[in-house]
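Visitor: Can you read through this structure? Questions will come right after.
Protein chains: 2
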Amino acid sequence: MKPSVVTIESTGHFCSDCAVRGSAVCASLDAAELRQFEHLGRRVHFASGETVFSEEDITTSFYNVLEGVMRLYKLLPDGRRQIVGFALPGDFLGMNLSGRHNFSADAIGAVTVCQFAKGPFGRFIEDRPQLLRRINELAIRELSQARDHMVLLGRRSADEKVASFLLGWRERLFMLNAPSDTVSLPMSRQDIADYLGLTIETVSRTFTKLERHGAIEIIQGGVSLLDQARVEALAAA
Amino acid sequence: MKPSVVTIESTGHFCSDCAVRGSAVCASLDAAELRQFEHLGRRVHFASGETVFSEEDITTSFYNVLEGVMRLYKLLPDGRRQIVGFALPGDFLGMNLSGRHNFSADAIGAVTVCQFAKGPFGRFIEDRPQLLRRINELAIRELSQARDHMVLLGRRSADEKVASFLLGWRERLFMLNAPSDTVSLPMSRQDIADYLGLTIETVSRTFTKLERHGAIEIIQGGVSLLDQARVEALAAA
DNA sequence: AAATGCGATTGACCCAGATCAATTTTGGTC
DNA sequence: GACCAAAATTGATCTGGGTCAATCGCATTT
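Protein chains in written order, with numbering that gives the first Met the number 0: chain A, 0 to 236; chain B, 0 to 236.
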């Protein structure tokens, strides 16, 4: 979907009371640095379905997700799509070598990001190895997740893929805030399919199968984990 | 395979005439720093099939590949294997967050690495942001490769997987040294299968098919690219 | 409350790639 | 150069998940 209305808030927000203060890149900054940092970023809102940046776009900004969920994906020339990850509040996007993004990102539901212009942000990092170290840390974590996902894509069955996805997603939501055995799934079945390397039909059938076996209950906007042990068994660690 | 004979050379080597001087982490160091750096690493040899480190091992060292090829892989409890990458000279291994490796690595053929103890290396980085930046650069490059590989694993057909693999591997060898349309494949068919998320039979059949179509010739220890355009077409970039 | 439209589900059928099972080729080794 | 073991190839068959094609829900609009 193409961008339509983007809202930019210029003022009125402070890093010190930012929701992702503790988990994002900025976690590595002290109070004084944070005040300077504040002037670098601006909050930007995206409506559901809007594209935040596209693969092969020149990188002009870095983004810190504040609210909402984004899908990160790559397309093949013939339209096949692979979702390489979902971004949640606290995730940092935009790192690259070539000066171009190497995946596209769009909003699933309403999204707020903290946007940093590349130049000023780069200069700010320059003499703050702490921040660089933090960014490195995030990159290494993502790398580890990426490798786990390769195992899933290359070597797991459809049942295992869906079960691991549910557990992994639940875990990520848990890390953020809401402890809950009802797992909210803001993304579409097609998104899940493109994340797991399956078709939408297979994802749907697998959900239904899990429900028939009493492992989950499919509810509005998500699922309820009824029998976590069973789902874990299916995920086959 | 378990470690058997590991040869350690304590002296007699200098970073300044190291084969990977220009491409590895050390590329970010100046002559003076290089002399200090020299004392941190030691060259270690591994014989074919030996394991350099295993997943879940406590990280005690970082490694810089100097010579040879390594397979990097993860295993599922039931033995299914996914190769998450191949390491070539210049590659840097061992970065992680948890203090444990998140994949295993073993030698394909004879391998020489430059091994750094975690502590001293960490301290050396401490006040050298240049080096940290270099490591970050390498991590980001790997992340980009990992995402490309997710697309391959999740959304490409067997033919496309094999064709892209051949082109990608040829490209990596090209970057290193030997410009050549004969592509050396030091890894086994099983390794290729576990890298591409296929079975050994499918890899073998696809090679044969490519050969029948005149796109490649299967030779001792590799293949010869006869019709690169055709292979590229199959890879469907 | 009927109409619309899109996401999700379900069913019927198919096929790419897995599995199972022999060979064949290659590389050592005595 | 005969022998053996491991790797690779090839063939026959099977099947998990894809493809094609209807519905089925709902939420939104009129």
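Beta carbons are placed, not taken as given, at the ideal position from N, Cα and C, and that holds for glycine.
On a CA-only basis, which of B/Leu233, B/Ala234, B/Arg80, B/Gly213 is nearest B/Leu225? Give me that one, please.
Guide: Here the question's residue 225 of chain B lines up with position 226 in the second sequence. B/Leu225 has its Cα closest to that of B/Gly213, out of B/Leu233, B/Ala234, B/Arg80, B/Gly213.
Visitor: Enumerate in chain order the residues of its own chain whose CB-to-CB distance from B/Gln129 is below 8 angstroms, with the five nearest sequence positions on each side excluded.
Guide: Translated into positions along the second sequence, residue 129 of chain B becomes position 130. These residues qualify, in order along the chain: Ser27, Leu28.
Visitor: Expressed to the nearest angstrom, what Euclidean distance is found between the alpha-carbon atoms of A/Ala109 and A/His44?
Guide: Along the first sequence, read from residue 1 onward, the residue named residue 109 of chain A stands at position 110. Along the first sequence, read from residue 1 onward, the residue named residue 44 of chain A stands at position 45. Using only the alpha carbons, I get a separation of about 7 angstroms.
Visitor: Name the residues in the segment 124–141 of chain A whose C-beta lies less than 7 angstroms from a C-beta of chain B; which are they?
Guide: Result list: Pro128, Leu131, Arg132, Ile134, Asn135, Glu136, Ala138, Ile139, Arg140, Glu141.
Visitor: Do the segment 30–46 of chain B and the segment 80–92 of chain B make contact, defined as three or more Cβ pairs closer than 8 angstroms?
Guide: No contact exists between the segment 30–46 of chain B and the segment 80–92 of chain B.
Visitor: So, using beta-carbon positions, are A/Arg133 and B/Leu96 closer together than 8 angstroms?
Guide: Within the first sequence, the letter at position 134 stands for residue 133 of chain A. Within the second sequence, the letter at position 97 stands for residue 96 of chain B. Contact: no.
Visitor: What does the Cβ neighbour count give for B/Asn63, buried or exposed, with the cut at 16 atoms within 10 Å?
Guide: Against the second sequence, residue 63 of chain B aligns to sequence position 64. Buried, because 16 or more other Cβ atoms sit within 10 Å of the Cβ of B/Asn63.
Visitor: Out of curiosity, what's the CA-to-CA distance linking B/Phe36 and A/Val24?
Guide: Position 37 of the second sequence, counting from 1, holds the residue named residue 36 of chain B. Position 25 of the first sequence, counting from 1, holds the residue named residue 24 of chain A. Taking the straight line from one Cα to the other gives about 30 angstroms.
Visitor: Taking only beta-carbon atoms, is A/Met174 less than 8 angstroms away from chain B?
Guide: For this step, residue 174 of chain A is matched to residue 175 along the first sequence. Judged by the 8 angstroms Cβ criterion, A/Met174 is not in contact with chain B.
Visitor: Check the DSSP bridge columns for B/Asn63 and list the partner residues they point to.
Guide: Along the second sequence, read from residue 1 onward, the residue named residue 63 of chain B stands at position 64. Looking at the DSSP assignment, B/Asn63 forms a beta bridge with B/Phe91, B/Cys113.
Visitor: Count the other CB atoms within 10 Å of the CB of B/Ile215; is the residue buried (16 or more) or exposed (fewer)?
Guide: By 1-based counting over the second sequence, the position of residue 215 of chain B is 216. With 16 or more Cβ atoms within 10 Å of its Cβ, B/Ile215 is classed as buried.
Visitor: Within 8 angstroms, do at least three Cβ pairs link the segment 65–84 of chain B to the segment 191–209 of chain B?
Guide: Verdict: yes, contact present.
Visitor: In whole angstroms, what is the alpha-carbon distance linking B/Gln189 and A/Ser143?
Guide: As a working note, residue 189 of chain B is residue 190 in the second sequence. As a working note, residue 143 of chain A is residue 144 in the first sequence. C-alpha separation (whole angstroms): 23 angstroms.
Visitor: Less than 8 angstroms between CB atoms is the rule here; does B/Lys73 satisfy it with respect to chain A?
Guide: On the second sequence, position 74 is the one that residue 73 of chain B refers to. So, interface residue.
Visitor: Tell me A/Phe123's beta-bridge partners as DSSP assigns them.
Guide: If you number the first sequence from 1, residue 123 of chain A lands on position 124. Bridge partners of A/Phe123: none, in fact.
Visitor: Starting from the Cα of A/Phe102, find the closest Cα among A/Phe164, A/Ile199, A/Thr111, A/Ile57 and give me that residue.
Guide: Translated into the one-based positions of the first sequence, residue 102 of chain A becomes position 103. Closest by alpha carbon: A/Ile57.
Visitor: Can you tell me where the alpha helix (DSSP H) holding A/His148 begins and where it ends?
Guide: Here the question's residue 148 of chain A lines up with position 149 in the first sequence. Where A/His148 is concerned, the enclosing alpha helix (DSSP H) stretches over 128–154.
Visitor: In the DSSP assignment, find the unbroken beta strand (DSSP E) run with A/Arg41 in it and report its ends.
Guide: As a first step, residue 41 of chain A is located in the first sequence; it is residue number 42 there, counting from the start. Start and end: 40–45.
Visitor: Could you work out which residue in B/Arg146, B/Phe61, B/Glu54, B/His100 is closest to A/Val83 when comparing CA atoms only?
Guide: Looking up residue 83 of chain A in the first sequence gives position 84. A/Val83 has its Cα closest to that of B/Arg146, out of B/Arg146, B/Phe61, B/Glu54, B/His100.
Visitor: Against B/Phe102, what residues of chain A qualify as contacts under a CB-to-CB distance less than 7 angstroms, listed in chain order?
Guide: In the second sequence, residue 102 of chain B corresponds to position 103, counting from 1. Near B/Phe102 (Cβ distances below 7 angstroms), the residues of chain A are Arg146.
Visitor: Can you list, in chain order, the residues of the segment 184–197 of chain A whose Cβ is nearer than 9 angstroms to any Cβ on chain B?
Guide: Cβ contacts with chain B: Asp193, Tyr194, Leu195, Gly196, Leu197.
Visitor: Whole angstroms are fine: how far does the CA of B/Glu54 sit from the CA of B/Ala162?
Guide: In the second sequence, the residue the question calls residue 162 of chain B occupies position 163. In the second sequence, the residue the question calls residue 54 of chain B occupies position 55. So the alpha carbons of these two residues sit roughly 29 angstroms apart.
Visitor: What first and last residue would you give for the alpha helix (DSSP H) that runs through B/Arg34?
Guide: Here the question's residue 34 of chain B lines up with position 35 in the second sequence. Residues 30–36.
Visitor: Classify A/Met69 as helix, strand or coil using the three-state DSSP reduction.
Guide: On the first sequence, residue 69 of chain A is found 70 positions in, with the first residue counted as 1. It is a strand residue.
Visitor: If the cut is a Cβ gap below 8 angstroms, which residues of chain A does B/Leu152 touch?
Guide: On the second sequence, residue 152 of chain B is found 153 positions in, with the first residue counted as 1. Residues of chain A passing the Cβ test: Met149, Leu152, Gly153, Gly196.
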